[in-house]
Structure formats: structure tokens, C-alpha cells
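Residue numbers (the numbering used here), protein chains in the order written: chain G, 5 to 420; chain U, 665 to 1008. Where is the CB? At the ideal position from N, CA and C, for every residue including glycine.
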Amino acid sequence: MSIAEVARPAAAPVPVAKRGETEALVSGSEAVAHALRLADVDVITAYPIRPYDTVMQYVSKLIADGEFDCDFIVAESEHSQFEVAKHASAVGARAFCGSSGVGWLYAFEAIAVTAGLRLPLVAMVGNRALDDPGAFGTEHNDALAVRDLGWLLCWVDTAQEALDTTLIAYRVAEDHRVFLPCAINCDGAFLTHSQAIVKLPSKQLVDSFLPRYDRGDKRLHPDNPVTIAPQVNEDWLMEMRRQNDLAARHSRDVLIEAYADFNAKFGRGGEPFIERYMMDDAEVALVGMGTLAMPVRVAVRNLRKQGKKVGFVRIRWFRPFPSPELQEALAGVKAVGVIDRDYAFGSPLMGGVLATDVRSALYPAKNRPKVVSFIAGLGGREISTDNVMDMANTLLDAAGGGKVEEQDSYWYGVRE
Amino acid sequence: MLDTKQNIGDFTAPQALDPWKGIKRIAREEYFTSGHRTCQGCESAQVMRLLAKAAGPRTIVLGSTGCMYVANTSYYCTPWALPWMHTQLGSSGSAAVGTAAGLQALMRKGKMTKEPINVIGVCGDGGGADMGLSAISAAMLHSEYNLLIMMYDNESYANTDIQTSGSSPYGSHTSFSPPGKAHRIMNKHWKKNTAAMIAAGHPECKYVATVVSTNPLDTLNAVRRALSIGGPTFIHSLDPCPKGWDYDPRYSHEIGELAVATGIWPLYEIEDRKIKLYGETKRIAEGKLKRKPVEDYLMRQGRFAHFNKDDIAYVQAKVDAMWQSWVIPGVLPFAAADGAAGTK
Ligand SMILES: Cc1ncc(C[n+]2csc(CCOP(=O)(O)OP(=O)(O)O)c2C)c(N)n1
Ligand code: SF4
Ligand SMILES: [Mg+2]
């Protein structure tokens, strides 16, 4: 894909005079619950695990209070939770589920086949460290474990973005050119549990953006007696894998369309794949996903006050991976530091998962910058502004010709 | 009476499928047709055929991995004339719940034409009584959905080359329990009592039956009864499997008959908490028919060929105990402990 095809924001957002939005103080999980209500989801399946399960607590209350009509099923395991939602999706019901940490991995089999079946399930991951040893805090390895299976994966930063992205996720996942499941990643505690003022759109506005889920000729129903997922073996599997590959590619165009429409109708939404912060004249850039954006932005502002040309790129969509956007945004930059809230033991150059992908996306770029891997904030440990300033100074040093380790990762905040 | 259905949405009535009175009255239409590639004499395939016929065209079938998927349901030659979808090995319960929930939500919300649609989750003994037990148990609590779980029990993980499962009988030779020089008996557990366990442990489940396709009419009518009663229901079918049990395919029916006649496989229906033995099992229980010795059944199958006299005597004694000391003979394996307040 060439840089010419890079998705830039649609025209400057046009504020719509009467969108009928209200404002409320809600957490990231509650914002997602409101999005589910607005999307008129038909089947939701739950199983308890911190921190994602707050979304299900809000959903069940909305149902109990008669504000939301859906079949709400408390499964007996995450495996069943994801299987139930998958099968509801196959008969044409809009479905939702979610999990965190080991719960997400308990459902791994169901997660894998949902993508293989091309079912547009939407899930929320409240990112959480994988046991053992036990930890509730955020780490991205849970969702990243499924990165090659066809799930669309995005990381959001605010409660508003969580709500908006849930609506966008249904639109993109259910598009016939895509028909792939989508997981919205919310950092545990930092986003799932912290409140912010969020604009709650009206049902009418949402309806104008999000069409009904139509499974078309793939719907399982007595009027359409198809056999879904028969045994295919080597006779057909390769062709089917290729179809999934094409669907994952198409998701890029569909995302671009969806964000353009969302921006036009809601007057917000921004650029689909990445968020650029003070990147226009940046000499070095930090890259990361999720709520670490907050300390990074503060650090970038502090450094700018010192006259240091530092910028930040927040990756919003991890699958499809925004290679064209990163190649364009980071082309003029001398050094890039990728902050991973994950680990990838034994990986190429000992970097994090994100660093490894960013490095390969930049490899074919002209004037590719130096890429440095920073591992930070594991298990929900705070990433401080000082940590980030230190990372940025390392990059500035490298940009000025100083020595920097590109063949290994820098771990931040570890007590040695 | 307490309305336990409050706040859980519409309860869509099940289909009314009257029993077929006599083999000549059964529908002619087949919804499980040609195209399957199961072994000759495969009773499980026969169960699929009876299941589809009994349920009729307004039905969705979900099938978990196993012979009835891998050997039975191939791309370009599917035998299913009903809508059919694969589900994971341990997911027949979840598949049925998800399908029923999706249909019900769409109908309640006016997004789909309202009509009763049968939802049937099919699983083998491995997928059902072992791996999928928790999901089936959960499904059996969903009184708001109409769903049937049909467990076809060929007493092994047949598709993966006949490995021992929780439903494999004591001592049977499987590819994970071969008789050897040091250990003649590798599979030492007695077969899991799945149907009774489901019936006893799931207060929302209104119908449980055991069947054997040697009795096609009873099997058809059990399916029709389960689907008409509605809510979550369960049928457990014992399926002679020529490959796994090691006998000539022509004897499948006969071996099914012997399983009942020896008292090893009791036939019963539990409806609304009341149990009814039927067929030969009933006559055995009433003393009108003498149980055949288990040896007649065991020695017809290669999987028991390594049994010696003691092994046969052991199985006979266990089966005798089923009939002589269980609270409900052949069904519930409790005897009153000495001095305890028992039922007898
Ligand atoms: C999660 C998982 N583990 C293992 C398998 C391998 N496997 C495929 S079919 C099968 C046998 C299933 O046995 P059962 O449910 O009794 O059905 P049968 O093959 O006997 O018809 C197994 C173990 C699988 N498909 N999925
Ligand atoms: S192995 Fe047994 S269950 Fe499987 S197809 Fe053959 S006869 Fe049927
Ligand atoms: Mg089996």
C-alpha cells in the first residue's frame, strides 16, 4: 500500500447543531454499555472476571431497569460465553461479549473459530495481566495473543472513544466486505473504572450511522438450510484462509469510510488508525497504545516547553495494522520509541509486540528512523511522566548521533 | 404460583409434534440424506437420520466435532437438508443456547418472523459427557429457551481413532486402553451415568430419555416428545459402532438389542420429574423378562475379547447391582446405607 493511500481525517469535523446528545459522567465500561444499548444489541453473554466485567454489571442494570432489551446470558465459563455469542451471531443476532486476562485465553478456541467463521461478534477486552502470578492490572498480552487470527483489534484511550468505537466496530465488523469479529481494548482500571464526561448520542443519531446487522445468505435459518463450517480439509482450507485474508485487508477501506461518516454525523471521531500529537515538526516520536497516552502527552508538552521537538503517535487500530499511516507519520522522524505495555519473551531484538510490528512496518519506508523498544507499565504499574521524558531524551540523544540500543529493549520502572 | 418467567422476555411456545403411532405412520421425508461418509453399520448416523426426521423442516441443528462432523458432514456433500452448523467439541450446549437466544431475541424485537423453531445441539459422548458437560449443564438451566441436546454415545472418542472416554465401558479395549502383558484391564472406571445425572441435577430440564436406535419408533417419538415439551431437554442414545466396538457391521442392531436385553442399557423417559421405563427394560423391571447374561453382549465385540471369566463376572455383578440395589433400578445408583433413612 502506498503512502498516497494513507487515511487522513475527513474534512474538519462539522459540528452538527442538533444531535440530541446528552452528557453524563461515566466510566469506560459504562460508556461501552451505553453503546450496546444504542446499537440495540440482541444477545449479550457474560462471565465474571475483573476488570472487564463492569461492562456486564452496567448492561444487566440497564436491562433490569427496562432501558435495554436484549437476551442476557450468564455463561458457566468464558469458553461457553464466547460460543453462545458466536452462535447467536450466526442466526443473525447482534451479539456482544468480552473478557480479561486468563478469561480471554480460556475462550481462545471460541475466539479463533469466530474469526474463521467470519462472524461479526464485538467484544470488549478489559486488558489485564495473565496469571501466574495473580495480578489485576493492565497488560496487553491477553488480547495480543489473538493478533493473527483475523480479529480486528483496537485500543481506546477515553470513555468517549470507547463508546464511539463500539458503534464503529459494529458497523465495520458487520459490513459484508469484512464480516470479522472485533475486540475493543480498554486498559483495565485506567479506563474500565475511571469516569469522565461522555457525550451520549441519541438513538436516532446512532441509527443514522449504524445499519441493522444483516447476515444475508449466510444466516442459519430453516428458510436457508445451509451447512456452516463442514469438514473441508486440504481440499478447500487454503481458499478459505485467503478469503479471510482479503476480508482483513478490506477492513481498512471500510474503517476509513466508517470514520468519515462518523466524523460527519457526530462531529468527532478523528483519524481512523492513529492519533498524531505534536507530530508536525517532530524530530523524535513516541508510539504506544491505550491509556498510556495521558502521561506521554504530558511529557511531550513538558519537553516542548524545553524546546525539544518530540511528538507522539497513538496507534488506535492494531489490526488492521496502520503501516501506511506509520510510514507517513514517522518518515521525517530520526528516532522512534515504541512503548509496549506487553512483553514478547524471546522475540526478535527482544522488543515488545508493538515494537516488533512497528519495526517491520517501517522497514520498507524511505529514511526509516531508528526504532527503540521500551517496555513499561506491566501489571498495571504506573508509567510516569518522568519515565516518558527519559525515553524521549534517549531518542533525542540518538537523533543527535548518540548511541542507542536498537537490538534490545529498555525496561522502565523495574526494581533491580 | 410464582411467575419464574418474569423479566426474561417472551417464551416462544415449542412446536407441537404428536407421537407417531406405529412405524407405518412416520413421515416419509428425510432431512438427513445421502452424502455422509460414516462406516457401514454406523448407528450414530442412523440416530442423525431419525433425529432429523422426527424434528422436521423447521429445525436448526448444531453439531459438535466428532464422527458426526468429520465423517458425516463434508463440504460439497453434506447430508443435512436442515440448516446445520458445526460447533466446537465442548460446545453443543452453548451452541444450542446461543442459537435459541438469538432466535428469541430477534423474534421478540420484531426483527424476525415469529415461529417456533426447533434447536438441537448434537454431541458425542466425548464432546457431551466429558468436555461439554459444563456447557450442557448450563444449557439445562435455561428454561426460557427450547432446546434439545442429543448425545450420541458410541462409547469412545471414535473420530480420533477410538480413545477411551468417560462413557467407555469398564475394561473396553480402545486405542488408549489396549490390553497388555502387565495390565489386561487399562480402562478401570465404570461408565458415566450421564442421562440420570442430567435429570437429577437440573430442575429446569423437563424431559430426559435414553434411547437406542434399534428401537426406531421409540427414538423418533422421544425426539418429538422432547421438542414438544420445550425448555431444555436431553436425550442420550447408545450407538453400537462397528469400528470402535469391533464387530461385523451387519450386527449393529442386534448388539443394540443385546445392550437392552442384558440390562446394561436401560431405556427410560423422565418427564416432569416422573420416570417411566419402556420397551424391554420395562418388562425386565416388571419381572416379565429375564435379563440375558452380559456375556452374550460382551463376547460379541472385539473390544472385550481380552476379558477372562473374572472380568465377565465382575461386569455381571455390577449390572446385577444396578437392578437389585439401586434406588431406581438401572437409573439412580444409590442404595440406602445400613441404618440410614433410606427409601426402601
Ligand atoms: C478442543 C478439541 N480437542 C480435541 C479435538 C479432537 N477431536 C476431534 S473429534 C474427537 C472425538 C470426539 O469424540 P465424541 O464426542 O465421542 O464423538 P465421536 O468421534 O465418538 O463421534 C476429538 C477428541 C477437537 N476437535 N477439539
Ligand atoms: S467410527 Fe463408529 S461412530 Fe464413527 S463413523 Fe464409524 S461406526 Fe460411526
Ligand atoms: Mg464418541
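**Prompt:** Identify the residues that DSSP records as bridge partners of U:CYS787: which are they?
**Reply:** What you label residue 787 of chain U is simply residue 123 of the second sequence in a count that begins at 1. DSSP output for U:CYS787 lists U:MET815 as bridge partner(s).
**Message:** Assuming contact is defined by CB atoms lying nearer than 8 Å, are G:GLY102 and G:ALA68 in contact in what I supplied?
**Reply:** Counting from 1 along the first sequence, the entry for residue 102 of chain G is found at position 98. Counting from 1 along the first sequence, the entry for residue 68 of chain G is found at position 64. G:GLY102 places its beta carbon 8 Å or farther from that of G:ALA68.
**Prompt:** Looking only at DSSP bridge pairs, what is U:PRO896 linked to?
**Reply:** Within the second sequence, residue 896 of chain U is the residue found at index 232, counting from 1. DSSP lists U:LEU811 as partners of U:PRO896.
**Prompt:** With 16 as the cutoff for other CB atoms within 10 Å, does U:TRP929 come out buried or exposed?
**Reply:** If you number the second sequence from 1, residue 929 of chain U lands on position 265. Label assigned to U:TRP929: buried.
**Asked** For the stretch 766-785 of chain U against the stretch 41-49 of chain G, are there 3 or more C-beta pairs whose distance is under 8 Å?
**Response** Segments in contact, yes.
**Request:** Note down the Cα distance separating U:ALA822 from U:MET795, rounded to an integer number of angstroms.
**Result:** Stepping through the second sequence from its first residue, residue 822 of chain U is reached at position 158. Stepping through the second sequence from its first residue, residue 795 of chain U is reached at position 131. Taking the straight line joining both Cα atoms gives about 14 Å.
**Request:** State yes or no: is the beta carbon of U:THR676 nearer than 8 Å to at least one beta carbon in chain G?
**Result:** If you number the second sequence from 1, residue 676 of chain U lands on position 12. It does not; no Cβ of chain G falls within 8 Å.
**Item:** Backbone CA spacing between G:SER31 and U:TYR932 [nearest angstrom]
**Value:** Taking the first residue of the first sequence as position 1, residue 31 of chain G is located at position 27. Taking the first residue of the second sequence as position 1, residue 932 of chain U is located at position 268. One C-alpha to the other measures close to 54 Å.
**Request:** Taking only heavy atoms of ligand 1 into account, decide whether any of them is closer than 7 Å to the Cβ of U:THR836.
**Result:** Locating residue 836 of chain U in the second sequence gives position 172, where the first residue counts as 1. Before going further, note that residue 836 of chain U is Ser rather than Thr in the sequence given. No; taking the cut-off as 7 Å, the Cβ of U:SER836 has no heavy atom of ligand 1 nearer than that.
**Item:** U:HIS750 (DSSP reduced to helix, strand or coil)
**Value:** The residue given as residue 750 of chain U occupies position 86 in the second sequence. Strand.
**Buried or exposed by the 16-neighbour rule on C-beta atoms within 10 Å, applied to G:ASN371** = Translated into positions along the first sequence, residue 371 of chain G becomes position 367. With fewer than 16 other Cβ atoms within 10 Å, it is exposed.
**Asked** So what does DSSP say about G:MET244, is it helix, strand or coil?
**Response** Along the first sequence, one-based indexing puts residue 244 of chain G at 240. Reduced to three states, the DSSP call for G:MET244 is helix.
**Asked** What residues in its chain sit with their C-beta under 7 Å from that of G:ALA15, if we drop five residues either side in the sequence?
**Response** Translated into positions along the first sequence, residue 15 of chain G becomes position 11. With a pLDDT of 48 at G:ALA15, under the threshold of 50, the predicted position of this residue should be treated as unreliable, though the coordinate-derived value follows. Nothing listed; no residue qualifies.
**Under 8 Å by beta carbon: chain G residues contacting U:MET749** = Walking along the second sequence from the start, residue 749 of chain U turns up at place 85. Neighbours of U:MET749 on chain G, chain order: HIS91, ALA94, LEU224, THR231, ILE232 and ALA233.
**Per-residue burial, G:VAL63 [other beta carbons within 10 Å of its own, 16 or more giving buried]** = Within the first sequence, residue 63 of chain G is the residue found at index 59, counting from 1. Its Cβ being crowded by 16 or more others within 10 Å, G:VAL63 is buried.
**Item:** Beta-carbon proximity check, G:ALA177 vs G:LEU171, cutoff 8 Å
**Value:** Here residue 177 of chain G is taken as the residue at index 173 of the first sequence, counted from 1. Here residue 171 of chain G is taken as the residue at index 167 of the first sequence, counted from 1. Annotated as distal: G:ALA177 and G:LEU171, with beta-carbon spacing of 8 Å or more.
**Item:** Among G:SER198, G:PRO124 and G:HIS254, the one whose alpha carbon lies nearest that of G:ARG223
**Value:** Residue mapping note: residue 223 of chain G aligns to position 219 of the first sequence, counting from 1. Measuring from the Cα of G:ARG223, the nearest candidate turns out to be G:PRO124.
**Prompt:** Applying a beta-carbon distance threshold of less than 9 Å, which residues of chain U neighbour G:ALA447?
**Reply:** Since the first and last residues shown for chain G are 5 and 420, residue 447 of chain G lies out of range.
**Asked** Ends of the beta strand (DSSP E) at G:LYS313?
**Response** Stepping through the first sequence from its first residue, residue 313 of chain G is reached at position 309. From DSSP, G:LYS313 is part of no beta strand (DSSP E); its letter is neither H nor E.
**Request:** Establish whether the CB of G:HIS180 and some CB of chain U are separated by less than 8 Å.
**Result:** Counted from its first residue, the first sequence places residue 180 of chain G at position 176. So no, G:HIS180 is outside the interface.
**Request:** Taking G:ASP46 as the query, report the chain U residues whose CB atoms sit under 7 Å from its CB, ordered along the chain.
**Result:** As a first step, residue 46 of chain G must be located in the first sequence, where it is residue number 42. By Cβ distance, chain U contributes GLY766, ALA769, LEU770 and LYS773.
**Request:** Assign G:ARG419 to buried or exposed, taking buried as 16 or more other Cβ atoms, counted over all protein chains shown, within 10 Å of its Cβ.
**Result:** In the first sequence, the residue the question calls residue 419 of chain G occupies position 415. It counts as exposed.
**Asked** With 8 Å set as the bound, which would you pick, yes or no: does the beta-carbon of U:VAL887 sit closer than that to a beta-carbon of chain G?
**Response** Indexing the second sequence from 1 puts residue 887 of chain U at position 223. Chain G contact via Cβ: absent.
**Asked** Which word fits G:TYR416, buried or exposed, when buried means at least 16 other C-beta atoms lie within 10 angstroms of its C-beta?
**Response** For the purposes of this step, residue 416 of chain G is taken as residue 412 along the first sequence, with counting starting at 1. Counting Cβ neighbours within 10 Å, G:TYR416 comes out buried, since at least 16 surround it.
**Beta-carbon spacing of G:TYR51, G:VAL78 below 8 Å** = Residue mapping note: residue 51 of chain G aligns to position 47 of the first sequence, counting from 1. Residue mapping note: residue 78 of chain G aligns to position 74 of the first sequence, counting from 1. Yes, the pair counts as a contact, with Cβ atoms nearer than the cut-off.
**Same chain only: Cβ atoms within 7 Å of U:ALA860, ignoring 5 sequence neighbours per side** = In the second sequence, counting from the first residue as 1, residue 860 of chain U sits at position 196. Here the set comprises VAL995 and LEU996.
**Prompt:** Would U:PRO867 count as contacting chain G if we go by Cβ distances under 8 Å?
**Reply:** If you number the second sequence from 1, residue 867 of chain U lands on position 203. U:PRO867 does not count as touching chain G.
**Request:** Say whether chain G places a C-beta atom closer than 8 Å to the C-beta of U:TRP723.
**Result:** Position 59 of the second sequence, counting from 1, holds the residue named residue 723 of chain U. First, the residue type needs correcting, since residue 723 of chain U is Thr and not Trp in the sequence shown. Yes, contact with chain G.
**Asked** Heavy atom of ligand 3 less than 7 Å from the Cβ of U:ASP789, yes or no?
**Response** Position 125 of the second sequence, counting from 1, holds the residue named residue 789 of chain U. Flag set: Cβ of U:ASP789 near ligand 3.
**Prompt:** From G:ASP152 to G:ARG98, what distance separates their C-alpha atoms?
**Reply:** The residue you call residue 152 of chain G lines up with position 148 of the first sequence. The residue you call residue 98 of chain G lines up with position 94 of the first sequence. C-alpha separation (whole angstroms): 24 Å.
**Prompt:** Quick one: which chain G residues come within Cβ less than 8 Å of U:LEU931?
**Reply:** Position 267 of the second sequence, counted from the first residue, corresponds to residue 931 of chain U. Neighbours of U:LEU931 in chain G, taken as residues whose beta carbon is under 8 Å from its own, are absent, since the nearest beta carbon is some 30 Å off.
**Item:** C-beta neighbour in chain G for U:THR647, strict 8 Å
**Value:** Because chain U spans 665 through 1008 in this model, residue 647 of chain U falls outside it and cannot be assessed.
**Prompt:** Can you tell me where the beta strand (DSSP E) with G:ASN1 in it begins and where it stops?
**Reply:** The shown model of chain G, from 5 to 420, leaves out residue 1 of chain G, and the question about it has no answer.
**For U:MET850 and U:TYR978, the rounded distance between their alpha carbons** = To locate residue 978 of chain U, count along the second sequence from 1; it is residue 314. To locate residue 850 of chain U, count along the second sequence from 1; it is residue 186. For U:TYR978 and U:MET850, the distance between alpha carbons rounds to 15 Å.
**Item:** Inter-residue spacing [alpha-carbon to alpha-carbon] between U:ALA764 and U:ALA799
**Value:** Position 100 of the second sequence, counted from the start, is the residue given in the question as residue 764 of chain U. Position 135 of the second sequence, counted from the start, is the residue given in the question as residue 799 of chain U. The alpha-carbon atoms of U:ALA764 and U:ALA799 are separated by roughly 14 Å.
**Request:** Using only alpha-carbon positions, find the residue among G:SER84, G:GLY271, G:ALA92 and G:THR389 that is nearest to G:PRO205.
**Result:** For the purposes of this step, residue 205 of chain G is taken as residue 201 along the first sequence, with counting starting at 1. Comparing Cα-Cα distances from G:PRO205 to each of G:SER84, G:GLY271, G:ALA92 and G:THR389, the minimum goes to G:GLY271.
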